[in-house]
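Residue numbers (this note's numbering), protein chains in the order written: chain A, 568 to 903; chain B, 58 to 486. Single-structure report; data block below.
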Amino acid sequence: MNLASPSSRVQLTDDGRLRHFLTTEHLPRPLLEEILDTAASFVEVGGRAIKKVPLLRGKTVVNLFFESSTRTRSTFELAAKRLSADVLNLDIAKSATSKGETLLDTLRNLEAMAADMFVVRHQDSGAPFFIANEVTPQVAVINAGDGRHAHPTQAMLDMYTIRHHKGGFEGLKVAIVGDILHSRVARSQVHALNILGAEEVRLIGPRTLLPVDAEALGASVFTDMAHGLRDVDVVIMLRLQKERMDSALLPSEAEFFRLYGLNNDKLRFAKEDAIVMHPGPINRGVEIASEVADGPRSVILQQVTFGIAVRMAVMSMAISGQDSSAQESVAGGAHG
Amino acid sequence: MAKKASKANLLIRKGRVIDPASGRDEVADLLVENGRLTRIGASLDAPGADIVDADGHWVLPGLVDACVHLSLPGSGRAGDIASETRAAAAAGITHLAAQPDCGPVDSTAVVRLIREQAGQAGFARIMPVAAMTQGLAGSQLAEMATLARAGCIAVGNAGARVADALVLKRCLEYAASFDLPVMFRPQDASLSAGGCAHEGPVATRLGLPGIPAVAESVDLSRDLLLVEATGVRAHFQQISSRESLPLLRAAKRRGLPVTADVSIQHLLLDEAALEGFNSHCHVIPPLRSAADREALLEAVADGTIDAICSQHTPIGSSSKAAPFPATRPGMAGVDTLLPLVLSLVADGRLTLLRALDAVTAAPARCLGIQAGQLETGRPASLCVLDAQAPRDLSEQWLSAGNNSPWRRATLTGSVKLTVCQGKVSWLSD
């Protein structure tokens, strides 16, 4: 009986290699560790005078962004170029679908251009699953953020940063603070931390910004910083979108900052050597004070550097997984 | 088996006749003469009648489906009235109450169109529910009395809940003036706004915007208070959450003229079916928790929920080929209603009589219509079922909507013959 969940089934080849990267949930620990180890070898590439390796030479990577994002798209573009791929950036938010073309039609067109990889960001949860499952299973799909569901490359670069500073995950207590409800980053982080063996993952925020049954993600839930941050090794702050005030989820930025904004006073609840992370872009004075963001325990800028290496790792692994499963099916066809 | 000669008399022999309304469950013959069910008894003789050998099969009243969504041009649904009523007939369904959201059904012209198309197709009796407000917009009363005279059996506002409590109260008072039953689909629009899945652990993990269970019970509470104040006959459709059940029980205990139904998919599936973003399981109200499903089954067993409906919503494949939240909600259901209800009997969740009651006499009672029972002297509506035969839905699927998680399943129970108001509407080969 196949006990693998639907999410890990679609992401892996029959022999357990990565072929799409859609979510961290249900992936085996050795695979996440392989991503981190592979990324480590690419960090060094960024320091060279010629920052290129030929792993994706001749491959075409299409950045499909249905939701605009300059930062994430740029890091994916840079990662693909450092792997020597040809890169096509499509800002779908402003083009095809606004002319009435369906997602399905758009993808079929791109498939006809013989793309090897889609890097997808979409406002709807599950969109990359839909693409990988039903549209173009033979094109490697990398999820660059879908709705509130997952942002697995961001989570893995955060894991890389944590491992870089803490050496590993055993015994670690990690707090994720702020707008958990709308955060795909938080969901992917919780799964990755649990799989990699962190001792405890805590989610901190007011009830309006915590999803119902948040414990089902595999985390403990706190509504105040004093309890939630006690003795943690890592504090991850999430960005608070300004529109949350309009939908009656919060009264004001000021009250949010007073209760949940990370300043040096609140950081004292955490361990002395705790690091502070943030997926960016930061809102100074909303979820994080400048004294912390620019302070000695902040590793926020390092996250960006590691982000390119982690994306190179995931892209090269997924392409090689796709290539091997394509070869298997050719070989299987010849024998069959 | 008989040929499709609708005028001929029909003698259905040696079937196990099960009629929940009368409690009858015995092997007997049935005679249909000039379209009417004239006799039920042992060893009937009818010279010249077409003989149907139902030995080993069940003979049931034609099924009454209290909630289907029609495919009219402009409704954006798959198929048409002919294709969907044919699928219903092949599944033993003879009467369908059609929701007013296909047009909207707020003018006699639309009612006439529906009745004309259904009449021409001749596969099943469609009973339109009229819109309660003009354009289902929730602000002005529709011509309910005129629509009833044109053939509507009840009024309602489908999924477009009447938000304004004063408008709703006046709708109910007006409907009560003509003893028109009112169909409610309780779901508070502000609490459900933007949602596409049950607010619970699965939606949390999948990052799908949630619809909390209280969206239903909050609205149901308001509706019940207004029903009590106006004395209107009320039918609550598509109950999905366990919080609604004590409210319905209390209303019934107080003697309010209140009935309720649940869709078959809410009795068989729960939020876990959404894993992998299965858009076939995107329905409104959403599939809720396993505990809700259990409570709904108990409520059907004890009669708190009177009827089980298909909530048939045939949708073209392009409307389901998209990321889950962007897909159109709804499931095609007439093909599977009877076999799925029977699966609940096989699993010991419902007695056979209660299960069949919930798709025959009970929905007829909810709708206030004469149907769903084997009554001599009335136009015959019945079906003959091979209750052991497998039905391979990958081969035998008649709805134009392929949007069902059972689209490729094999279920047990195959309808051999359906007679709708005296005419053979389905005959399997």
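Where is the CB? At the ideal position from N, CA and C, for every residue including glycine. From a predicted model like this one, the values you see are computed outputs, not experimental measurements.
For residue 904 (chain A), which residues does DSSP report across the bridge? Here chain A has residues from 568 to 903 only, and residue 904 (chain A) is not among them.
For residue 261 (chain B), would you say it is in contact with chain A, using Cβ-to-Cβ distances shorter than 7 angstroms as the test? yes
When you compare the segment 123-140 of chain B with the segment 193-200 of chain B, are there three or more beta-carbon pairs, one atom per stretch, that lie closer than 8 angstroms? no
Taking C-beta to C-beta, are residue 462 (chain B) and residue 337 (chain B) nearer than 7 angstroms? yes
Given a cut-off of 7 angstroms, decide if residue 798 (chain A) and residue 733 (chain A) are closer than it, judged by their beta-carbon atoms. Taking a C-beta distance under 7 angstroms as the contact criterion, residue 733 (chain A) and residue 798 (chain A) do not qualify as a contact pair.
Give a yes or no on whether 7 angstroms exceeds the smallest Cβ distance from residue 696 (chain A) to chain B. yes
Going by the beta-carbon positions, is the gap between residue 877 (chain A) and residue 724 (chain A) smaller than 7 angstroms? yes
Can you check whether the C-beta of residue 779 (chain A) is within less than 7 angstroms of a C-beta belonging to chain B? yes
For residue 252 (chain B), collect the residues of the same chain with a Cβ closer than 6 angstroms to its Cβ; drop the 5 residues on either side in sequence, then sort them by chain order. 266, 267 and 268
From what residue to what residue does the beta strand (DSSP E) around residue 162 (chain B) run? Residue 162 (chain B) -> no beta strand (DSSP E), and no H or E assigned at all.
Residue 223 (chain B) burial status per 10 Å Cβ neighbour count (16 or more: buried): exposed
Taking Cβ-Cβ distances shorter than 8 angstroms, what residues in chain A pair up with residue 265 (chain B)? 692, 693, 714, 715 and 716
Residue 240 (chain B) versus B:260, B:250, B:403 and B:217, residue with shortest Cα-Cα distance: B:217
Euclidean distance between Cα positions of residue 115 (chain B) and residue 758 (chain A): 52 angstroms
Kindly indicate if chain A contains any beta-carbon less than 7 angstroms away from that of residue 380 (chain B). Taking Cβ atoms only, chain A reaches closer than 7 angstroms to residue 380 (chain B), which makes this a yes.
Output, in chain order, the set of chain B residues within a Cβ distance shorter than 8 angstroms of residue 732 (chain A). Going along chain B, no residue has its Cβ under 8 angstroms from residue 732 (chain A), so there is no contact; the nearest lies around 28 angstroms.
Have a look at A:791, A:617 and A:880 and flag the residue whose alpha-carbon is nearest the alpha-carbon of residue 598 (chain A). A:880
For a quick check, are the C-beta atoms of residue 707 (chain A) and residue 587 (chain A) less than 7 angstroms apart? Their beta carbons are under 7 angstroms apart, which means residue 707 (chain A) touches residue 587 (chain A) by this criterion.
Residue ranges of each beta strand (DSSP E) within the segment 815-855 of chain A, 3 or longer: 842-844, all fully within the segment 815-855 of chain A.
For residue 403 (chain B) and residue 870 (chain A), what's the separation of their Cα atoms in angstroms? In a straight line, the C-alpha of residue 403 (chain B) is about 57 angstroms away from that of residue 870 (chain A).
Please decide whether residue 466 (chain B) counts as near chain A, where near means a Cβ-Cβ distance under 7 angstroms. no
Using CA coordinates, which residue listed in A:894, A:887 and A:833 is at the minimum distance from residue 684 (chain A)? A check of alpha carbon separations from residue 684 (chain A) across A:894, A:887 and A:833 identifies A:887 as the nearest.
Work out the CA separation of residue 215 (chain B) and residue 164 (chain B) for me, nearest whole Å. 16 angstroms
Helix, strand or coil at residue 194 (chain B) [DSSP, three-state]: coil
What's the C-alpha gap between residue 585 (chain A) and residue 874 (chain A)? 19 angstroms
Between which residues of its own chain and residue 762 (chain A) is the CB-CB distance below 8 angstroms, once the five residues before and five after are set aside? 591, 594, 595, 596 and 599
Answer with buried or exposed for residue 840 (chain A), where buried requires no fewer than 16 other C-beta atoms within 10 angstroms of its C-beta. exposed
Does residue 751 (chain A) get closer than 7 angstroms to chain E when you measure Cβ to Cβ? Judged by its chain identifiers, the structure shown contains no chain E, and its protein chains are A and B.
Nearest residue (CA-CA) to residue 395 (chain B), options B:383, B:441 and B:422: B:441
Taking Cβ positions, are residue 741 (chain A) and residue 770 (chain A) nearer each other than 7 angstroms? Going by C-beta atoms, residue 741 (chain A) is not nearer than 7 angstroms to residue 770 (chain A).
Under 8 angstroms, CB to CB, which of the residues in the segment 245-257 of chain B have a partner in chain A? Considering only beta carbons, the part of the segment 245-257 of chain B lying closer than 8 angstroms to chain A consists of 256 and 257, in chain order.
What residue range is occupied by the uninterrupted alpha helix (DSSP H) comprising residue 228 (chain B)? 222-234
Give, in chain order, every residue of the segment 781-806 of chain A whose Cβ lies closer than 7 angstroms to some Cβ of chain B. 781, 783 and 784
Option in B:187, B:370 and B:316 with minimal Cα separation from residue 356 (chain B): B:316
Please go through the same chain and pick out, in chain order, the residues whose beta-carbon is closer than 8 angstroms to the beta-carbon of residue 853 (chain A), but skip the five residues on each side of it. For residue 853 (chain A), where only same-chain residues beyond five positions count, the Cβ hits under 8 angstroms are 807, 820, 823, 824 and 828.
First and last residue of the uninterrupted beta strand (DSSP E) at residue 338 (chain B): From DSSP, residue 338 (chain B) is part of no beta strand (DSSP E); its letter is neither H nor E.
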